[in-house]
Amino acid sequence: MTQLIDLPLETLHHIAWQLSSRYRESAQDVQQEFQDGLTFARHSEKLTALSRLSRTCRHLRDIVQPILFHSVFDTEQTCVSLITTLNKRPDLANAVAELQVQGKGVSDDCDPATTEPSKEQSMLIELLSRHFQTETQQPPSLNGDESTTKVNPYAALLIALTPNVKRLHVEVGYWGLPTYQPGSLRCLKELSLAHQDTELGFDLADFYGVVQAAPALETLGCHMIANVSSTLVHENLTSLQIQYSCLTNENLQRLVTELPKLERFSYSSAGAVVNDEPEATPREIFEAIRLRSSTLKHLHVDLQLAVYMEEPGERDIIPSLACMQALQTLEISALALAVDGEATDGNVLTNALPSSIRSFTLLDPHGCMTEDISRLAEAERFPLLKEVSFYHPSNQPLEIATEPFVSRGIRCSNKGPFSW
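So, in structure tokens, the structure goes:
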């Protein structure tokens, strides 16, 4: 042990980082976060080794603890103790760069208005008042407020106590979050919100308090949105990924209207998310994203589970994306561009794509689109096109000639559900 602690300080830091569970600084794909969970939520063996190292002596504890708190996730059982630690140790709270929040469930049993609060509850009440009491906002109560959408006080506090967090993942219950002090989440770059249930969804506006407190926010990922009741406003947001959701035309307009720097937009529909109003058609999706035609570079639209797509009509499809002259990559469902079972003029794809396109993926192409695909390979007006993919998740791949693409130096893949 003496030999270990006598090592140079930078060597001890290097040892600690090698044992840590931090493998990357930023998420490349928020959608993958929903499938895998945040990186730090795994690798328990490395966390255990790091924890043991921190308990060997005070010297190593001071080195290791901030690294342990680089990535933090709460559970129902550990939520309150984590809040207590972060409150007592601001040095550790400031070290948190990645945070996954579930939030402890609220209960009427801990209403301080009817029962004498415990020491623990008194501490939480004081923290809630300190962080959220303003002239226009009352602090959340421990049993949830009385509004239609409850605010989870535990999740709210965990976020408020970690001012340097860069990546935040919130597992959303049937509750929202309060308004935070402007700029209080100044380091936050990536925010992902995932609905915990297997059906229904949440209102994105219930989490604008976090968005508005994060001036440097670049990426917002959402899983299972059912409503956007007010306009999303942010000056620096560049990536918006909406997965497994059901949004109306009005919802989509509210999402993109006030995002002047939006470069990446992803929307995948889901039948399990219930919305009282009709889901936006492909044409309505296009009308919304066209508002960002000067900035949008990457677009993904997957409508395989869209509830209205059982009987799509000509008026539902996207007329053309040719006006999107900043667009570089496009992944889109064929049913957004053509009506399945109806003959085309062979120019659906050549008319749909802008000349700026570099990578194009067609999801579940219709059998009647073979000629359209062939003409895409011959089109000279796409000089930047380097890659095309045809993905058939629900049927056998079409017979598509790849040679014309290859002869032009364009990579071409034609995959079925089990070869992607």
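Numbering (full-length UniProt numbering), first residue to last: 1 to 420.
Yeah, the Cβ is synthetic: ideal placement off N, Cα and C, and Gly gets one too.
Source: prediction; values computed, not measured.
Identity of the residue in the options nearest residue i by Cα
i           : options                : result
L68         : Q77, T85, F132         : T85
I317        : T329, C323, L303, L327 : L303
A322        : G341, N347, L335       : N347
N275        : P404, Q138, A226, T238 : A226
M324        : P354, S245, E284       : P354
P153        : K166, T179, R167       : T179
D91         : V80, E116, N164        : N164
T78         : E399, G103, V96, P66   : G103
W175        : T198, F207, R167       : F207
T162        : L200, V96, C368, D372  : V96
residue 477 : G367, P66, E190, V170  : Since the displayed the chain opens at 1 and closes at 420, residue 477 lies outside it and no answer follows.
S359        : T370, L376, D372       : L376
Q181        : G201, E199, Q133       : Q133
A214        : T198, L232, S184       : S184
8 angstroms Cβ cutoff met for residue i and residue j
i    : j    : result
L363 : I332 : yes
V101 : A160 : no
A326 : L296 : yes
L157 : L191 : no
Q328 : S356 : yes
V170 : F202 : no
L305 : S269 : yes
Helix, strand or coil at residue i according to DSSP, with G and I counted as helix
i    : result
I400 : coil
V273 : coil
F390 : strand
G176 : strand
F73  : strand
F286 : helix
For residue j and residue i, the rounded distance between their alpha carbons
i    : j    : result
L259 : A205 : 15 angstroms
K415 : N351 : 24 angstroms
I289 : G221 : 17 angstroms
R283 : S266 : 16 angstroms
S122 : S129 : 11 angstroms
I285 : N87  : 45 angstroms
F405 : D345 : 20 angstroms
S294 : A336 : 22 angstroms
D383 : E279 : It should be pointed out that residue 383 corresponds to Pro in this sequence rather than to Asp. Between P383 and E279, the C-alpha separation is close to 35 angstroms.
L291 : Q212 : 22 angstroms
V388 : H300 : 14 angstroms
L254 : L124 : One detail in the question is off: residue 254 reads as Arg in this sequence, not Leu. So the two alpha carbons sit approximately 35 angstroms from each other.
V228 : L99  : 25 angstroms
G209 : S239 : 18 angstroms
F418 : F390 : Note that F418 scores a pLDDT of 44, beneath 50, so its modelled location is shaky and nothing firm can be said.
L177 : Q243 : 20 angstroms
S141 : S413 : 55 angstroms
H392 : T361 : 11 angstroms
R381 : L349 : 12 angstroms
R264 : E277 : 26 angstroms
L127 : L200 : 32 angstroms
Beta-bridge pairing of residue i - partner residues as DSSP gives them
i    : result
D197 : None; D197 has no bridge partner.
N227 : D203
H298 : R264, T329
R167 : E98, E190
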